[in-house]
Each structure stands twice: as C-alpha cells, then as structure tokens.
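To start, the structure itself, in structure tokens.
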Amino acid sequence: MQTNLENYFTAYSNLKLMRDEDGVLVVQFHSNGGPLTFTAEVHTEVVDAFYRISQDRANKIVILTGTGGDFMTGVDWASFKDVSDPDVWSQIHDEGVQVLENIANIAYSGDRDHSFRLNVTAAHKMVLRD
C-alpha cells in the first residue's frame with residue numbers, strides 16, 4: 001500500500017519525517033525543534049506514525065534519530081496523568097503494544113527488504129535488522 005505523503009509526513013508535532021529518492025526514511029524525534037522530552041503525546045503519535053510508516057511501500061530503510069546530539073533528554077511523567085487509574089494505564093499499555101507491533105511490521109515486512117536502525121547518539125547506531 002502506498003501512503004499519501006501529505007497524510008503523514010507532516011502530521012506529527014514531535015516527529016520530522018524526511019525520505020530521499022532511494023527510500024531512506026529518517027524519523028527525527030524532537031520537542032519544539034530541540035532534543036525530545038518524551039510525553040504522553042509523543043507516545044500516542046508514535047503509534048500512528050509507525051503504523052503509517054509500515055504501510056508505505058516507498059520506505060526501504062527507516063532510521064530513527066534524535067535532535068541536537070541526543071535521542072531523548074527526559075520524560076514528562078506528569079503528561080501521562082494518573083497511571084494508577086486503570087483506564088489511563090490501559091491506554092499506555094495498549095499503545096506500547098501497538099508500537100512494538102508496528103516496529104515489527106516495519107522491520108519484518110515479508111514482501112520487501114527493509115532495514116530498520118535506531119540512531120541512539122550521533123556516533124552510535126544499533127542495527128535491529130539488516
């Protein structure tokens with residue numbers, strides 16, 4: 001399935017998506033253009049973004065990276081609200097499961113060759129699958 005770029009490349013406030021002519025998609029995590037502070041909003045955005053990335057056949061290589069030399073500088077725990085509330089925790093849990101499923105769908109698409117990389121720092125890349 002080819003996904004319309006206008007529908008997801010600019011849909012997220014904390015993710016900048018750029019793809020070159022060879023199908024290399026760079027997903028840059030950020031908060032207001034600087035290093036990412038992980039929030040409940042980011043948690044939710046990633047579910048949708050990773051799903052849409054996995055459905056876009058034009059993406060051949062996916063690289064996740066941060067901004068300003070850091071992947072993430074911290075977590076805004078307050079943005080997640082009261083995690084002792086079963087409804088809040090259920091949403092966080094379900095989104096987490098969906099993120100993992102979507103990463104697997106990106107990395108292990110049976111009908112096409114993919115490479116999925118996580119750029120933890122500017123100098124270190126961890127290969128999840130070649």
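So in the UniProt record's numbering, spot 62 of the sequence shown is number 62, and the numbers just go up one at a time. Just so you know, even glycine gets a beta-carbon here, dropped at the ideal spot from N, CA and C. Treat the numbers as computed from the prediction; the structure is a model and nothing was measured.
- Taking the CA atoms as reference points, F50 sits about 5 Å from N102.
- For the segment 11–79, the continuous beta strand (DSSP E) assignments of 3+ residues that do not extend past its boundaries occur at 15–19, 24–29, 61–65, in sequence order.
- With fewer than 16 other beta carbons inside 10 angstroms of its own, V97 counts as exposed.
- Check the Cα spacing between S31 and each of V83, V99, T65, H93: the tightest is with T65.
- Membership of D94 in the alpha helix (DSSP H) is indicated by the continuous run 86–107.
- Rounded to whole angstroms, the separation of the alpha carbons of V47 and E21 is 25 Å.
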